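These protein sequences, in sequence, are chains A and B. Residue 0 is where the first sequence starts when you use numbering that gives the first Met the number 0, and the numbers rise one by one after that. Residue 0 is where the second sequence starts when you use numbering that gives the first Met the number 0, and the numbers rise one by one after that. From the three backbone atoms N, C-alpha and C, an ideal C-beta is built for every residue, glycine too. Quick caveat, the model's predicted, so the values are computed rather than measured. First the structure, in the form of structure tokens, and then the observations on it.
Number of protein chains: 2
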Amino acid sequence: MPDIRLFTEKDLRRAVPLDLAAVECVEAAFRALATAAVIMPPILSMRIAEYNGEVDVKTAYVPGVDSFAVKMSPGFFDNPKRGLPSVNGLMVVFSAATGLVEAVLLDNGYLTDVRSAAAGAVAAKWLARPDAKRAGIIGSGTQARLQLKALTLVRDIERALVWGRDPASARACAADCAEDLGLEVTAVDSIAEVMGASDIVVTTTPSAQPLIDASQLRPGQHITAMGSDAEYKTELAPDVIATVDQYVCDHHAQCLKQGELRAAVAAGAVSPDLDYVEIGTLIARQRSARGSSTAITLCDLTGTGVQDTAIAAFATARALEAGSGTPFNSDR
Amino acid sequence: MPDIRLFTEKDLRRAVPLDLAAVECVEAAFRALATAAVIMPPILSMRIAEYNGEVDVKTAYVPGVDSFAVKMSPGFFDNPKRGLPSVNGLMVVFSAATGLVEAVLLDNGYLTDVRSAAAGAVAAKWLARPDAKRAGIIGSGTQARLQLKALTLVRDIERALVWGRDPASARACAADCAEDLGLEVTAVDSIAEVMGASDIVVTTTPSAQPLIDASQLRPGQHITAMGSDAEYKTELAPDVIATVDQYVCDHHAQCLKQGELRAAVAAGAVSPDLDYVEIGTLIARQRSARGSSTAITLCDLTGTGVQDTAIAAFATARALEAGSGTPFNSDR
Chain A
0 MPDIRLFTEK DLRRAVPLDL AAVECVEAAF RALATAAVIM PPILSMRIAE YNGEVDVKTA
60 YVPGVDSFAV KMSPGFFDNP KRGLPSVNGL MVVFSAATGL VEAVLLDNGY LTDVRSAAAG
120 AVAAKWLARP DAKRAGIIGS GTQARLQLKA LTLVRDIERA LVWGRDPASA RACAADCAED
180 LGLEVTAVDS IAEVMGASDI VVTTTPSAQP LIDASQLRPG QHITAMGSDA EYKTELAPDV
240 IATVDQYVCD HHAQCLKQGE LRAAVAAGAV SPDLDYVEIG TLIARQRSAR GSSTAITLCD
300 LTGTGVQDTA IAAFATARAL EAGSGTPFNS DR
Chain B
0 MPDIRLFTEK DLRRAVPLDL AAVECVEAAF RALATAAVIM PPILSMRIAE YNGEVDVKTA
60 YVPGVDSFAV KMSPGFFDNP KRGLPSVNGL MVVFSAATGL VEAVLLDNGY LTDVRSAAAG
120 AVAAKWLARP DAKRAGIIGS GTQARLQLKA LTLVRDIERA LVWGRDPASA RACAADCAED
180 LGLEVTAVDS IAEVMGASDI VVTTTPSAQP LIDASQLRPG QHITAMGSDA EYKTELAPDV
240 IATVDQYVCD HHAQCLKQGE LRAAVAAGAV SPDLDYVEIG TLIARQRSAR GSSTAITLCD
300 LTGTGVQDTA IAAFATARAL EAGSGTPFNS DR
């Protein structure tokens, strides 16, 4: 068998920073999902209640991409008590032509972080007002930091507000972002404050209870809800989808199962069957779904296997170019 | 992050030969599936028609087993034209308590071969007549060889007949088995010949068309149908399940989707809802489902994630004991 290549988290962090190239990679993946004969099976999901853990496995085949990735994402939420990160995982890259293993990306979840943040940038690019300057971030973890950074890649963000359930964590997040991005970033005490002052709001929490309702929406605002990716999660009250001027999702079928759309449909607030626009369709048409500067837009992101295949192929190519990685032969 | 351990195909072949210990490992897995709070999500399956390939991903959590495996099985059926094996793959072993990656088993599909053959041994152990001496194998590939070997672990097999679509391949298979097992093994020209002379028949092909019908069954015979593991495969005519005295499956829900049960239900030959016995139930009761020496029994094996988790944990423990494997750290 030919050598496979092992890449470490460091190799991959060096190869794929969160930058415009990563955003373009994810944008191309969404376009393919909406326009090409992408094959994306439903997520394999296993919950191990005994350990407060779950593992999600995603994959997709994108015509024209020579490889496909199988991404395994374990999330074990008692890990921090043991001094371990909650979210880990790896990706395995296979040749799309032969099924042979080409690479193992031991990224500990890093590439998932990047492709999720890049999706937030893509959503803002195609839905937020071009003159959006004020960002609001709900949540104070890794994605809170990365989503704000991602927004700065596509809009001239001048200041940001951060809300977190734990005020100390929100302050730490704000301080980190201010230093990293050179912006004015402030931790605030209430979600209402974030909603009242932000042109773009990104929700990044694993909440199982709605955090935002329709009364808090402001004309011209764009919301990206990226926290919900499971049957029990939701960050938006059911009336939010029913109220916004334009709802866009990353993948209709998947959002019906795991996104904000699931909760809104379950509450009877919206129909499951409307022809909901997918973000890839906007990209293919090269047209925003924002009708006016006062329209309220919403993007529901659940995270798709096509993003994983795209970022894995991109990371592998970049890391190989850089000469990193360890060759390994399974025959030896 | 702690080191992970990489094991090659050779490490794993040395650690886990097809022997009674492997059979007991798979038997325990089936018992757990029928009696414990096993979590086994549906198979993630992706077909890439463009390359005549597919990939199946299986997993399961078994209470009491400290780890779970995610097994990726690509099958790319044009590979032999390129001088490559059709079936490949690997397993990733995660801690069940933390979700951290513990090991990557680069087995190129070897452990799947072993656990599938071991399942054949378990089926024969609990269903075939104790005095079964004559084996019949339909198919002439890797599983044909391994299934025959597996039968010799649980029954005093004296002679075997092999049928393959390609007579030369069947002759090669028969010669290999005769040499490996010290039995009289003969390649024959027709399936009817196999059916007419065998106490135990194992079907191991990827056929999409039935190979055996009910008129060919003989009193006292046991059939293990292990080839069908996908929506389009079937080796038995629909009347076979309807005719046998005892039908047993590895997993009811999975056999309804991917096993012989699927085709028989689709043809209207049997009901999907009967209380079909799973092999693990027999093991838990320590009782064969064979009523008499003339009863005809059938076991429908689709291959389950619980077998993968069990064999992966077993292989990892054995390979570590042997001091094999390469430590690797994803932080470096």
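Residue i to residue j span [Cα, whole Å]
{"i": "B/R144", "j": "B/I47", "result": "28 Å"}
{"i": "B/A96", "j": "B/S66", "result": "8 Å"}
{"i": "A/A123", "j": "B/K9", "result": "50 Å"}
{"i": "B/P16", "j": "A/V64", "result": "38 Å"}
{"i": "A/G52", "j": "A/H250", "result": "25 Å"}
{"i": "B/Q306", "j": "B/A20", "result": "14 Å"}
{"i": "B/P237", "j": "B/D272", "result": "16 Å"}
{"i": "B/G290", "j": "B/A213", "result": "19 Å"}
{"i": "B/A312", "j": "B/R12", "result": "14 Å"}
{"i": "A/A31", "j": "A/V92", "result": "19 Å"}
{"i": "B/Q245", "j": "A/L300", "result": "49 Å"}
{"i": "B/A332", "j": "A/L150", "result": "For chain B, the structure presents residues 0 to 331; residue 332 of chain B sits outside this window and is missing."}
{"i": "B/R164", "j": "B/L147", "result": "18 Å"}
{"i": "A/R4", "j": "B/C172", "result": "35 Å"}
{"i": "B/S197", "j": "B/T233", "result": "21 Å"}
{"i": "B/S270", "j": "B/S227", "result": "19 Å"}
{"i": "B/D188", "j": "B/E49", "result": "34 Å"}
Where residue i meets chain B, residues with beta-carbon distance less than 7 Å
{"i": "A/V103", "result": "V103"}
{"i": "A/Y60", "result": "M45, I47"}
{"i": "A/P218", "result": "Correct list: empty, because the minimum Cβ distance to chain B is about 43 Å."}
{"i": "A/E8", "result": "S329, D330"}
Proximal residues of chain A, C-beta to C-beta of residue i below 9 Å
{"i": "B/V100", "result": "M71, P73, N87, G88, L89, L105, N107"}
Residue i: CB within 7 Å of a non-hydrogen atom of the ligand MN
{"i": "B/S227", "result": "No copy of the ligand MN occurs in the structure displayed, which carries no ligand at all."}
CB contact below 8 Å: residue i versus chain B
{"i": "A/T111", "result": "no"}
{"i": "A/A95", "result": "yes"}
{"i": "A/I38", "result": "yes"}
{"i": "A/L5", "result": "yes"}
{"i": "A/R81", "result": "yes"}
{"i": "A/M0", "result": "yes"}
{"i": "A/V22", "result": "no"}
{"i": "A/V269", "result": "no"}
First through last residue of the beta strand (DSSP E) which encompasses residue i
{"i": "B/G74", "result": "66-75"}
{"i": "B/E53", "result": "52-58"}
{"i": "A/E183", "result": "183-186"}
{"i": "B/P326", "result": "325-327"}
{"i": "A/M45", "result": "43-47"}
Contact with chain A by residue i, beta-carbon distance below 8 Å
{"i": "B/I47", "result": "yes"}
{"i": "B/T296", "result": "no"}
{"i": "B/V305", "result": "no"}
{"i": "B/V92", "result": "no"}
Unbroken alpha helix (DSSP H) run spanning residue i, endpoints
{"i": "A/T141", "result": "141-153"}
{"i": "A/R13", "result": "8-14"}
{"i": "A/R30", "result": "19-34"}
{"i": "A/G119", "result": "109-126"}
{"i": "B/S168", "result": "166-180"}
{"i": "A/H251", "result": "251-257"}
{"i": "B/R317", "result": "304-320"}
Contact list for residue i against chain A, beta-carbon separation under 7 Å
{"i": "B/G52", "result": "G98"}
{"i": "B/M412", "result": "Not covered by the structure: residue 412 of chain B. The range shown for chain B is 0 to 331."}
8 Å Cβ cut-off: residues of chain B touching residue i
{"i": "A/V264", "result": "Residues of chain B passing the Cβ test: none, with the nearest at roughly 22 Å."}
{"i": "A/V56", "result": "L43, V56, T58, V69"}
Contact between the region 129-137 of chain A and the region 97-104 of chain A (3+ Cβ pairs under 8 Å): Contact between the region 129-137 of chain A and the region 97-104 of chain A is absent, because fewer than three Cβ pairs lie under 8 Å.
Quiz prompt | the region 33-47 of chain A / the region 38-45 of chain B touching (three or more Cβ pairs under 8 Å) | solution = Yes, since at least three Cβ pairs between the region 33-47 of chain A and the region 38-45 of chain B fall closer than 8 Å, the two stretches touch.
Quiz item: Is the region 176-185 of chain B touching the region 109-116 of chain B in the sense that three or more CB pairs, one from each, lie closer than 8 Å?
Solution: Short answer: they don't touch.
Spell out a yes or no on whether the region 293-300 of chain B and the region 205-222 of chain B are touching, meaning 3 or more CB-CB pairs, one atom from each, closer than 8 Å. As far as the Cβ criterion goes, the region 293-300 of chain B touches the region 205-222 of chain B, which means the pair count is three or higher.
Open item on the list: Would you call the region 280-290 of chain A in contact with the region 259-267 of chain A, where contact means no fewer than 3 C-beta pairs closer than 8 Å?
Closed with: At 8 Å Cβ cutoff, the stretches do not touch.
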